[in-house]
Amino acid sequence: QQKVQQSPESLIVPEGGMASLNCTSSDRNVDYFWWYRQHSGKSPKMLMSIFSNGEKEEGRFTVHLNKASLHTSLHIRDSQPSDSALYLCAASKSNYQLIWGSGTKLIIKP
Amino acid sequence: EAGVTQSPRYAVLQEGQAVSFWCDPISGHDTLYWYQQPRDQGPQLLVYFRDEAVIDNSQLPSDRFSAVRPKGTNSTLKIQSAKQGDTATYLCASSRGQLSNERLFFGHGTKLSVL
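Quick note, the sequences are listed as chains A and B, same order.
Residues 1 to 110 in the working numbering are what the first sequence spells out, letter by letter.
Residues 111 to 225 in the working numbering are what the second sequence spells out, letter by letter.
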């Protein structure tokens, strides 16, 4: 059973639109959430991380975290074709085990 | 800062053949990970090291896979007798320390096709 669930599996958003991606951990022993982005044929690169309740914004990207429900979401406003990628969510434990989700494939349609 | 270096970039094998992947982590990173990533899926941990010690290899198919990091720097992952189900990209990643807030840096990966 996947301990980090991501939804949706795939998402098509028009250029300039808002993309919203979700991630929930069923393992309560996690204390840090990560979002990585992986362009086709490339390696994953860390996009944002969050460990406190609330939200964190960096440019067009906003991450929310609800620690009570262990749910995080990533929102991309004014989506660009270059945002098309596989978005991976991971949760880390204090012993530094990283639990990865299966990813959301985001396609931005020009 | 130099990134994580992996070689080779690609490998194509027949079933039953052996292959080795090599990884050079970022200098000063004591933690090194090997992941298997099937196409369009998330990475799946195979093994990770802190310095030269194996911390977790519970997901490594030990009958055919082996991994070493003898001096706590470079690492080699070997598949003894490849199967078609091993077709995937093999990613190496490194990080500093063992705190849960340390990000991972990935190499470009080795894309393996087993025919």
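Think of the CB as a built atom: it goes at the ideal place given N, C-alpha and C, for glycine as much as any other residue.
Helix, strand or coil at residue i [DSSP, three-state]
i: S52(A); result: coil
i: S43(A); result: coil
i: S82(A); result: helix
i: Q5(A); result: strand
i: Q124(B); result: coil
i: Q97(A); result: coil
i: Q151(B); result: coil
i: Q194(B); result: helix
i: H75(A); result: strand
i: A177(B); result: strand
i: V114(B); result: coil
i: D140(B); result: coil
i: Q169(B); result: coil
Min CB distance residue i to chain C below 8 Å
i: G16(A); result: Chain labels in this structure do not include chain C; the protein chains are A and B.
Enclosing beta strand (DSSP E) for residue i [first to last residue]
i: L21(A); result: A19 to S25
i: D134(B); result: V129 to D134
i: T199(B); result: A198 to S205
i: Q154(B); result: Q154 to R160
i: P14(A); result: S10 to P14
i: R37(A); result: Y32 to Q38
i: T62(A); result: F61 to N66
i: L214(B); result: L214(B) -> no beta strand (DSSP E), and no H or E assigned at all.
i: S185(B); result: S185 to I189
Cβ neighbour criterion (16 or more within 10 Å) applied to residue i
i: V129(B); result: buried
i: S43(A); result: buried
i: P118(B); result: exposed
i: Y120(B); result: exposed
i: D196(B); result: buried
i: R179(B); result: buried
CB of residue i within 8 Å of CB of residue j, strictly
i: M126(A); j: E58(A); result: As shown, chain A starts at 1 and ends at 110. That puts residue 126(A) outside it, with no answer to give.
i: I108(A); j: E15(A); result: yes
i: D83(A); j: L106(A); result: yes
i: L123(B); j: L214(B); result: no
i: Q154(B); j: Y200(B); result: no
i: Y36(A); j: L88(A); result: yes
i: G152(B); j: G103(A); result: yes
Contact test: residue i Cβ vs the ligand ZN heavy atom, cutoff 7 Å
i: H39(A); result: With respect to the ligand ZN, the structure offers nothing, as it holds no ligand at all.
* To do: Mind checking the segment 36-70 of chain A against chain B and listing, in chain order, the residues whose C-beta falls within less than 9 Å of any C-beta there?
  => Residues passing the 9 Å Cβ filter: Y36, Q38, G41, K42, S43, P44, K45, M46, S49 and F51.
* To do: With 8 Å as the C-beta to C-beta threshold (strictly closer), list the residues of the segment 157-171 of chain B near chain A in chain order.
  => Going along the segment 157-171 of chain B in chain order, one finds D166 with a Cβ nearer than 8 Å to chain A.
* Output, in sequence order along the chain, the residues in the segment 131-159 of chain B whose CB is closer than 9 Å to any CB in chain A. => Of all residues in the segment 131-159 of chain B, only T141, Y143, Y145, Q147, D150, Q151, G152, P153, Q154, L155 and Y158 place a beta-carbon less than 9 Å from a beta-carbon of chain A.
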